[in-house]
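There are 2 protein chains.
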Amino acid sequence: MKTLVLVAHPHLADSSSQQFLKESLPATGIDWEWLDGQQAIDVDREQTKLRQADRVILQFPLYWFAAPASLKQWEDTVLTRKFVYGDHRYPLADKELGVVVTTGMPGKAFQRGGAEGITLDAALAPLAAVTQRAKMTWLPTLAIHQFGYLNESEKLQLVIRYQRYLTQAQPDSLTSRQTWFAERLPGMIDRLPADQQAKGKLIASVFEQKSADLDQLADTLALIKEQSDD
Amino acid sequence: MKTLVLVAHPHLADSSSQQFLKESLPATGIDWEWLDGQQAIDVDREQTKLRQADRVILQFPLYWFAAPASLKQWEDTVLTRKFVYGDHRYPLADKELGVVVTTGMPGKAFQRGGAEGITLDAALAPLAAVTQRAKMTWLPTLAIHQFGYLNESEKLQLVIRYQRYLTQAQPDSLTSRQTWFAERLPGMIDRLPADQQAKGKLIASVFEQKSADLDQLADTLALIKEQSDD
Numbered sequence: 001m002k003t004l005v006l007v008a009h010p011h012l013a014d015s016s017s018q019q020f021l022k023e024s025l026p027a028t029g030i031d032w033e034w035l036d037g038q039q040a041i042d043v044d045r046e047q048t049k050l051r052q053a054d055r056v057i058l059q060f061p062l063y064w065f066a067a068p069a070s071l072k073q074w075e076d077t078v079l080t081r082k083f084v085y086g087d088h089r090y091p092l093a094d095k096e097l098g099v100v101v102t103t104g105m106p107g108k109a110f111q112r113g114g115a116e117g118i119t120l121d122a123a124l125a126p127l128a129a130v131t132q133r134a135k136m137t138w139l140p141t142l143a144i145h146q147f148g149y150l151n152e153s154e155k156l157q158l159v160i161r162y163q164r165y166l167t168q169a170q171p172d173s174l175t176s177r178q179t180w181f182a183e184r185l186p187g188m189i190d191r192l193p194a195d196q197q198a199k200g201k202l203i204a205s206v207f208e209q210k211s212a213d214l215d216q217l218a219d220t221l222a223l224i225k226e227q228s229d230d
Numbered sequence: 001m002k003t004l005v006l007v008a009h010p011h012l013a014d015s016s017s018q019q020f021l022k023e024s025l026p027a028t029g030i031d032w033e034w035l036d037g038q039q040a041i042d043v044d045r046e047q048t049k050l051r052q053a054d055r056v057i058l059q060f061p062l063y064w065f066a067a068p069a070s071l072k073q074w075e076d077t078v079l080t081r082k083f084v085y086g087d088h089r090y091p092l093a094d095k096e097l098g099v100v101v102t103t104g105m106p107g108k109a110f111q112r113g114g115a116e117g118i119t120l121d122a123a124l125a126p127l128a129a130v131t132q133r134a135k136m137t138w139l140p141t142l143a144i145h146q147f148g149y150l151n152e153s154e155k156l157q158l159v160i161r162y163q164r165y166l167t168q169a170q171p172d173s174l175t176s177r178q179t180w181f182a183e184r185l186p187g188m189i190d191r192l193p194a195d196q197q198a199k200g201k202l203i204a205s206v207f208e209q210k211s212a213d214l215d216q217l218a219d220t221l222a223l224i225k226e227q228s229d230d
């Protein structure tokens, strides 16, 4: 899977959350691009990147209930009508589009009666409408609230959530997760420091055992279902 | 009333609808500003303008279900947290905010099942949330659909709708409209060409007669209500 990550942030170097996400990127399969870092938008190049991607991630802090201006500039420039739906051709059809949004408020602020007075889904509705117009598939948003308050354990969990959001098959089912971990765990363990290798291998063997148990359970369930269908 | 009109459009001179609206501006009380025409945003100047305005109009074509990037850039730059709600002070509180939006699609496209797949209110929800955050009053949006297809009569009506949207007291009740026309009609008639002055004066006298009739009706209604309350 090829994932294109478009980051909109006017001061990327000053953003601890964006720097964290950058360091958390999966090792392969990612085309990462910082929109504000470009002098001018190369429309052909951007359109080519979009054509080549299987999944497009729009990543930004929520400014005034929307993406920063640089993402809108990119939309207004790159997503020409002709490109997105001209002549009834939809080059982006069936590609997935996901949003990774950071906010300075807790999640509960984004509900009726909450401090922000609008849900994230409502704030992102214009982007969802673009997705719909392009016949792309909208992924449930990955919201990162108050990154600065996360503890180390939460940050480590975020690395995995983020990597899965960028590369795991959708929908986010148990099977999709299991497959993703089965593919990634060996590489993750290989990259562990020498003194943690043993622990890593223990985790891998537990994971394998649990996966085998799950497969067996699934087989049993299928058998029961078959019999009750008779 | 002081009205600040902020126009976001990357190619203003090429836009027949924006040129038309510019020519339709009321003669007085309007501070008109083209956001894309500025080299850099002067934050202090913009904030001063906002403080001085009674009504703020955001005017733009709908690009990808939102305002063009220049308006978002203006928001991200001018509407600092400190300015809008810092220290629990709300300098924009109770000012009115209205959106004048032009679209290339008919109004019916912006409903469930319509071609655009999103209502204008849903597309403008992020701006409405800004308005709410600033404790401003959101005005019902003035949508101009498919300007190029309007005939002369519809265009003349648009001039009045637009002028009223910029300067008429809210809510848009019969009384507000009547007051607005009573104030403006004499000036409008004065500016008519000589050969249309007689027609203009006839309209003015009919308007006065109808207004007097309405006032009398209102008095009668009030009397009836008073008696039935006894």
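Residue numbers (the UniProt record's numbering), protein chains in the order written: chain A, 1 to 230; chain B, 1 to 230.
All residues carry an ideal CB built from backbone N, CA and C; glycine is no exception.
Local Cβ density within 10 Å of A:Pro171, reported as buried at 16 or more and exposed below that: The count along the first sequence starts at 1 and reaches residue 171 of chain A at position 171. So A:Pro171 ends up on the exposed side.
For A:Ala143, three-class secondary structure by DSSP: Start at 1 with the first residue of the first sequence, and residue 143 of chain A comes out as number 143. If DSSP states are grouped into helix, strand and coil, A:Ala143 belongs with the strands.
Short Cβ contact (8 Å threshold) for A:Leu58 with A:Leu71: Here residue 58 of chain A is taken as the residue at index 58 of the first sequence, counted from 1. Here residue 71 of chain A is taken as the residue at index 71 of the first sequence, counted from 1. Yes.
Three or more C-beta pairs below 8 Å linking the region 4–13 of chain A and the region 29–44 of chain A: yes
3-residue-minimum beta strand (DSSP E) runs that sit fully inside the UniProt domain "Flavodoxin-like fold" (1–154) of chain B, ordered along the chain: 3–7, 30–34, 55–61, 96–103 and 142–145
Buried/exposed call for residue 235 of chain A, threshold 16 Cβ in 10 Å: No information on residue 235 of chain A is available, as it lies outside the stretch 1 to 230 that chain A covers here.
For A:Gln132 and A:Thr28, the rounded distance between their alpha carbons: Indexing the first sequence from 1 puts residue 28 of chain A at position 28. Indexing the first sequence from 1 puts residue 132 of chain A at position 132. Looking at the two C-alpha atoms, the distance is approximately 28 Å.
Pairwise C-alpha distance: B:Ala218 and A:Ala66: Locating residue 66 of chain A in the first sequence gives position 66, where the first residue counts as 1. Locating residue 218 of chain B in the second sequence gives position 218, where the first residue counts as 1. Each residue's alpha carbon lies about 47 Å from the other.
Reference B:Pro26; option with closest CA among B:Ala194, B:Val84 and B:Arg161: To locate residue 26 of chain B, count along the second sequence from 1; it is residue 26. If we check each option's Cα against that of B:Pro26, B:Arg161 comes out closest.
Residue-level contact to chain A via CB, B:Asp76, 8 Å cutoff: Here residue 76 of chain B refers to the residue found at position 76 of the second sequence. In terms of beta-carbon proximity, B:Asp76 lines the interface with chain A, with at least one pair separated by less than 8 Å.
Amino acids of chain A, ordered along the chain, whose beta-carbon sits closer than 7 Å to that of B:Tyr63: In the second sequence, residue 63 of chain B corresponds to position 63, counting from 1. Ordered by position in chain A, the residues that pass the 7 Å Cβ test against B:Tyr63 are Asp76.
Three or more C-beta pairs below 8 Å linking the region 110–124 of chain A and the region 169–184 of chain A: no
Own chain residues within Cβ distance below 6 Å of A:Thr103, not counting five before or after: Residue mapping note: residue 103 of chain A aligns to position 103 of the first sequence, counting from 1. Same-chain partners within the cutoff: Leu62 and His145.
8 Å Cβ cutoff, A:Ile144 in contact with chain B: Translated into the one-based positions of the first sequence, residue 144 of chain A becomes position 144. No, A:Ile144 does not count as interfacial toward chain B.
Selection from B:Phe83, B:Val100 and B:Glu75 that minimises the alpha carbon distance to B:Arg51: The count along the second sequence starts at 1 and reaches residue 51 of chain B at position 51. Checking every option, the nearest Cα to that of B:Arg51 belongs to B:Phe83.
Distance between beta carbons of B:Thr137 and B:Asp94, contact taken as under 8 Å: If you number the second sequence from 1, residue 94 of chain B lands on position 94. If you number the second sequence from 1, residue 137 of chain B lands on position 137. That pair is a contact at about 6 Å.
Proximity winner among A:Asp121, A:Tyr85, A:Arg55 and A:Gly187, relative to A:Glu96 (alpha-carbon distances): On the first sequence, position 96 is the one that residue 96 of chain A refers to. Minimum Cα distance to A:Glu96 is reached at A:Arg55.
Contact set between B:Ala122 and chain A, taken where Cβ atoms lie within less than 9 Å: Numbered from 1 along the second sequence, position 122 holds the residue referred to as residue 122 of chain B. Near B:Ala122 (Cβ distances below 9 Å), the residues of chain A are Ala122, Ala125, Pro126 and Ala129.
CB contact flag (B:Ser211, B:Gln178, <8 Å): As a position in the second sequence, residue 211 of chain B is number 211, starting the count at 1. As a position in the second sequence, residue 178 of chain B is number 178, starting the count at 1. Yes, they are a contact pair.
Cross-chain neighbours of B:Gly117 in chain A, by beta carbon under 8 Å: Position 117 of the second sequence, counted from the first residue, corresponds to residue 117 of chain B. Residues of chain A passing the Cβ test: Ala129, Gln132 and Arg133.
Chain-ordered neighbours of A:Pro91 on chain B, where CB pairs are closer than 7 Å: Here residue 91 of chain A refers to the residue found at position 91 of the first sequence. What A:Pro91 touches in chain B, judged by beta-carbon distance under 7 Å, is nothing: the nearest beta carbon there is about 16 Å away.
Chain B contact for A:Ala66 (CB, 8 Å cutoff): Along the first sequence, one-based indexing puts residue 66 of chain A at 66. Closer than 8 Å: yes.
Span of the alpha helix (DSSP H), counted from its first residue to its last, around A:Ser176: Your numbering for residue 176 of chain A matches position 176 in the first sequence. Residues Leu174 to Asp190.
Proximity of A:Leu127 and A:Ala143 at Cβ, strictly below 8 Å: To locate residue 127 of chain A, count along the first sequence from 1; it is residue 127. To locate residue 143 of chain A, count along the first sequence from 1; it is residue 143. No, they are not a contact pair.
Contact set between B:Gln73 and chain A, taken where Cβ atoms lie within less than 7 Å: Counted from its first residue, the second sequence places residue 73 of chain B at position 73. What B:Gln73 touches in chain A: Ala69.
CB of B:Ala123 within 8 Å of CB of A:Ala129, strictly: If you number the second sequence from 1, residue 123 of chain B lands on position 123. If you number the first sequence from 1, residue 129 of chain A lands on position 129. Yes, they are a contact pair.
Rounded distance between the beta-carbons of A:Thr3 and A:Ile41, thought under 8 Å: Against the first sequence, residue 41 of chain A aligns to sequence position 41. Against the first sequence, residue 3 of chain A aligns to sequence position 3. So it is not a contact: roughly 20 Å between Cβ atoms.
Short CB-CB distance (under 8 Å) between A:Leu79 and chain B: Along the first sequence, one-based indexing puts residue 79 of chain A at 79. It does: the Cβ of A:Leu79 has a partner Cβ on chain B nearer than 8 Å.
Which listed residue (A:Leu214, A:Ala198, A:Gln157 and A:Ser228) has its alpha carbon closest to that of A:Phe20: By 1-based counting over the first sequence, the position of residue 20 of chain A is 20. Measuring from the Cα of A:Phe20, the nearest candidate turns out to be A:Gln157.
N- and C-terminal bounds of the alpha helix (DSSP H) containing A:Gln209: Residue mapping note: residue 209 of chain A aligns to position 209 of the first sequence, counting from 1. Element bounds for A:Gln209: Gln197 to Asp229.
Minimum C-alpha distance to B:Gln73 - residue among B:Glu46, B:Tyr85, B:Tyr90 and B:Pro91: As a position in the second sequence, residue 73 of chain B is number 73, starting the count at 1. Nearest option by C-alpha distance: B:Glu46.
Between the CA atoms of B:Phe60 and B:Ser17 - distance to the nearest angstrom: For this step, residue 17 of chain B is matched to residue 17 along the second sequence. For this step, residue 60 of chain B is matched to residue 60 along the second sequence. For the pair B:Ser17 and B:Phe60, the Cα-to-Cα distance works out to about 10 Å.
When A:Glu75, A:Pro68, A:Ile118 and A:Tyr165 are compared against A:Val100, the one with the closest alpha-carbon: Numbered from 1 along the first sequence, position 100 holds the residue referred to as residue 100 of chain A. For A:Val100, the nearest C-alpha among the options comes from A:Tyr165.
Top-ranked residue by Cα proximity to A:Leu150, from A:Ala134, A:Glu116, A:Gln196 and A:Met105: The residue you call residue 150 of chain A lines up with position 150 of the first sequence. Selected option, being the one with the closest Cα: A:Met105.
Beta-carbon separation (whole angstroms), A:Lys135 vs A:Leu92, contact threshold 8 Å: Within the first sequence, numbered from 1, the residue matching residue 135 of chain A stands at position 135. Within the first sequence, numbered from 1, the residue matching residue 92 of chain A stands at position 92. Right, the Cβ-Cβ distance comes to about 7 Å (below 8 Å), so this counts as a contact.
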